[in-house]
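In what follows, a structure is listed as structure tokens, so that the remarks can point back to it.
In our numbering, the protein residues as written are 124 to 304.
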């Protein structure tokens, strides 16, 4: 699971997530701030990844407050097994916009960090049909100020598949996308 001397506490943290015991997650992360960014699942998810994936906005907002502000470790460098940053996970839900705002205050490089498929968080927002999140991320990236070629680079995966190639994305998101390409 994780490579920590106190593996029982890490297991407790993982179990607290699974059983949706947010107060226990907070308690463990306050006692062990390193747990917030430690990989705790077989998918190399951190506590932040798990909180975002399970749409626990309060935890996503609270857990970064326990981090050591003197640490040189950037959130954009913390990725799970498929290369997703915490913002990739947050971008899959309009309800997590506040969390995205707070995470970007900590590390703006999250906006442009690609996952293993070359997807940026804004691509994930579009793929999951999250128009409010897409608009928020586009505004934060100042996508409208970029050239069509520059904006296209943020709206595709691995240079071969852009948002237009995904038939499951509704016309509303395509209209937004086309505005920025």
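From the three backbone atoms N, C-alpha and C, an ideal C-beta is built for every residue, glycine too.
What you are looking at is a predicted structure, and each value in this text was computed from that prediction instead of being measured.
**OP:** Grab me the residues of residue 316's own chain with a C-beta within less than 8 Å of its C-beta, minus the 5 sequence neighbours each way, in chain order.
**Re:** Lying outside 124 to 304, the shown extent of the chain, residue 316 is not represented and no answer is given.
**OP:** Grab me the residues of residue 182's own chain with a C-beta within less than 7 Å of its C-beta, minus the 5 sequence neighbours each way, in chain order.
**Re:** 145, 148 and 174
**OP:** Starting from residue 260, follow the alpha helix (DSSP H) in both directions and report where the run begins and ends.
**Re:** 254-264
Subject >> Cβ-based burial, residue 230 [other Cβ within 10 Å; buried from 16] >> reply: buried
Original post:
Would you say residue 188 and residue 222 are within 8 Å of each other, going by their C-beta atoms?
Top reply: no
**OP:** Mind listing, in chain order, the continuous alpha helix (DSSP H) runs of no fewer than 4 residues lying wholly within the stretch 142-182?
**Re:** 145-154 and 170-176
Original post:
Would the beta-carbon of residue 209 fall within 8 Å of that of residue 240?
Top reply: no
Original post:
Is residue 218 closer than 8 Å to residue 178 when the C-beta atoms are compared?
Top reply: yes
**OP:** Specify, as a first and last residue, the run of the alpha helix (DSSP H) that residue 221 falls within.
**Re:** 220-229
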